[in-house]
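Residue numbering for the sequence shown follows UniProt numbering, beginning at 1 and increasing consecutively. Working notes for the structure below.
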Amino acid sequence: MEQRKMKGTEEMVSLLGLGCMRFPHETPGSDDIDVEKAEKMIDYAIKHGVNYFDTAYPYHGHQSEPFLGQAMKKYPRESFYLASKLPMWYLKKEADVARYFEEQLERCQVEYFDFYLCHAMNEERFQMLQEYHIFEKLAEYKKQGKIRHIGFSFHDSPEVLEKICSAYPWEFAQIQLNYVDWDFQDAKAQYEILERHGLPAIIMEPVRGGALADLGEGPNQVLKRADQKASIASWAIRYAASLPNVLTVLSGMSTDEQLADNIQTMTDFQPLSADEREVLENALEIYRRNVLIPCTGCRYCIDCPVGIDIPSIFRLYNHFSMNRHTLNKPENEFLADYQKIEESCRADQCIGCQNCVSHCPQSIQVPEELAKIAAFVSGLEKNE
Numbered sequence: 001m002e003q004r005k006m007k008g009t010e011e012m013v014s015l016l017g018l019g020c021m022r023f024p025h026e027t028p029g030s031d032d033i034d035v036e037k038a039e040k041m042i043d044y045a046i047k048h049g050v051n052y053f054d055t056a057y058p059y060h061g062h063q064s065e066p067f068l069g070q071a072m073k074k075y076p077r078e079s080f081y082l083a084s085k086l087p088m089w090y091l092k093k094e095a096d097v098a099r100y101f102e103e104q105l106e107r108c109q110v111e112y113f114d115f116y117l118c119h120a121m122n123e124e125r126f127q128m129l130q131e132y133h134i135f136e137k138l139a140e141y142k143k144q145g146k147i148r149h150i151g152f153s154f155h156d157s158p159e160v161l162e163k164i165c166s167a168y169p170w171e172f173a174q175i176q177l178n179y180v181d182w183d184f185q186d187a188k189a190q191y192e193i194l195e196r197h198g199l200p201a202i203i204m205e206p207v208r209g210g211a212l213a214d215l216g217e218g219p220n221q222v223l224k225r226a227d228q229k230a231s232i233a234s235w236a237i238r239y240a241a242s243l244p245n246v247l248t249v250l251s252g253m254s255t256d257e258q259l260a261d262n263i264q265t266m267t268d269f270q271p272l273s274a275d276e277r278e279v280l281e282n283a284l285e286i287y288r289r290n291v292l293i294p295c296t297g298c299r300y301c302i303d304c305p306v307g308i309d310i311p312s313i314f315r316l317y318n319h320f321s322m323n324r325h326t327l328n329k330p331e332n333e334f335l336a337d338y339q340k341i342e343e344s345c346r347a348d349q350c351i352g353c354q355n356c357v358s359h360c361p362q363s364i365q366v367p368e369e370l371a372k373i374a375a376f377v378s379g380l381e382k383n384e
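Dropping the structure here:
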């Protein structure tokens with residue numbers, strides 16, 4: 001397993017980090033964790049050199065931290081790096097910082113976090129960070145040995161990122177970066193800001209919630225012609241890992257196959273060559289022709305008051321969009337899959353409350369997209 005050194009330390013971090021947001025589920029469609037399968041994945045990852053584990057307070061319906069704490073108890077604490085995050089949107093007063101932090105230590109059954117982040121920072125949460133003196137409190141925890149490195153994860157514009165980076169002596173930052181978002185969501189500018197500030201980059205969503213594991217028939221063929229053996233997802237993982245200021249690339253893996261593939265990619269790691277970058281750009285050009293909803297399946301929107309299964313609906317629609325020119329009767333396939341979703345959880349049930357919009361890291365105008373899909377479905381059903 002390829003490793004990279006954390007700046008200013010002798011700590012060697014695995015280039016592949018295990019994101020603990022997409023463990024296999026015991027009940028399909030739920031947030032629960034199949035403990036047996038997930039523990040086996042962790043054991044396999046550690047056996048093959050993964051030593052960075054990234055969790056957060058809300059992941060898996062608040063179950064990720066307690067599960068990970070229990071699963072890691074059999075391993076020496078100094079043998080792995082544990083990252084978790086302060087749930088910024090839950091903070092209602094200054095005292096909540098200490099309350100959540102201490103609770104997280106208990107949930108993870110540890111005495112310290114190696115990497116601790118202010119979660120999903122944006123302009124609004126930057127104001128909260130200052131108002132509640134959050135960095136100062138985390139710096140105090142660092143003095144006490146309860147945090148090794150202080151950082152933040154980020155979802156906003158490069159201008160806001162510059163402001164946050166300049167405000168405090170952060171040690172690292174976590175950004176969404178992949179070959180689609182390099183231009184689409186200004187990941188290039190964000191990466192360059194971190195480089196300029198000397199902050200190692202932790203990469204999230206390198207495969208964009210799984211979307212870049214299957215680009216559709218046309219783009220897939222371009223990549224397969226270049227390397228028949230390489231998985232489509234491996235191109236995305238290598239793209240992110242090829243950047244020199246990247247400390248680790250997080251992947252939220254749900255299956256043994258995904259885990260094994262990513263480990264293989266990061267073992268004896270080879271950065272993308274100039275020729276491979278050209279191949280990837282050719283595939284991406286075909287991919288861009290399809291109009292996609294930039295959903296990563298993070299499920300931050302699942303507290304919809306009506307119960308709409310927003311990530312599943314967007315995933316189905318994106319799959320249809322990517323493959324509509326290559327599948328036989330793609331509308332029929334889309335409609336058949338869509339109708340498997342419970343009626344109460346479908347797009348036409350949206351009440352436009354905007355709750356999901358404020359939670360979405362991608363700033364998707366969810367009600368608008370749901371309305372488009374509902375109208376599209378209605379048209380298909382009339383033609384059945």
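Beta carbons: idealized from backbone N, C-alpha and C, even for Gly.
Where the alpha helix (DSSP H) through residue i begins and ends
i             : result
glycine 161   : Position check: residue 161 holds leucine in this sequence, whereas glycine was assumed. From DSSP, the alpha helix (DSSP H) with leucine 161 extends over 158-167.
glutamine 264 : 256-266
lysine 5      : No alpha helix (DSSP H) holds lysine 5; the beta strand (DSSP E) holding it covers 3-5.
tyrosine 141  : 134-143
glutamate 331 : 330-338
leucine 280   : 274-288
C-beta neighbour in chain C for residue i, strict 9 Å
i         : result
lysine 73 : Note that chain C does not occur in the displayed structure, where there is just one protein chain.
Where residue i sits in the DSSP three-state scheme
i                : result
isoleucine 364   : coil
aspartate 34     : coil
glycine 218      : helix
tyrosine 116     : strand
glycine 61       : helix
glutamine 185    : coil
phenylalanine 80 : coil
valine 243       : Sequence check: residue 243 is leucine here, not valine. It is coil, neither helix nor strand.
isoleucine 147   : strand
serine 231       : coil
Neighbour-count burial assignment, residue i, 16 or more Cβ in a 10 Å radius
i              : result
glutamine 190  : buried
serine 273     : exposed
alanine 283    : buried
isoleucine 147 : buried
residue 419    : There is simply no residue 419 to check, as the chain begins at 1 and stops at 384 in what is shown.
aspartate 268  : exposed
threonine 265  : buried
glutamate 276  : buried
methionine 12  : exposed
aspartate 256  : exposed
isoleucine 351 : exposed
Any non-hydrogen atom of the ligand SAH closer than 8 Å to residue i Cβ
i           : result
proline 361 : Of ligands this structure carries none, so the ligand SAH is not represented either.
Terminal residues of the beta strand (DSSP E) in which residue i lies
i             : result
methionine 21 : Premise fails: methionine 21 is in no beta strand (DSSP E) and is neither H nor E.
tyrosine 300  : It is not in any beta strand (DSSP E) - tyrosine 300 carries neither H nor E in the DSSP assignment.
alanine 201   : 201-204
tyrosine 52   : 52-54
glutamine 176 : 172-176
residue 387   : Only positions 1 to 384 of the chain appear in this structure, which leaves residue 387 out of reach.
| Are the segment 68-86 and the segment 105-112 in contact at 8 Å, needing three or more beta carbon pairs? | yes
| request: Report yes or no: do the segment 62-72 and the segment 91-98 share at least 3 C-beta pairs separated by less than 8 Å? | output: no
| message | Count Cβ pairs between the segment 202-217 and the segment 228-240 that sit closer than 8 Å; are there 3 or more? | response | yes
| task | Evaluate the contact criterion for the segment 237-247 versus the segment 297-312: three or more CB pairs, one atom per stretch, below 8 Å. | result | no
| query | Per the contact definition of three or more C-beta pairs closer than 8 Å, is the segment 216-225 in contact with the segment 178-193? | reply | no
| Would you call the segment 15-26 and the segment 248-255 in contact, with 3 or more CB pairs under 8 Å? | yes
| said: Would the segment 348-366 count as touching the segment 329-340 if we require 3 or more Cβ pairs under 8 Å? | reply: no
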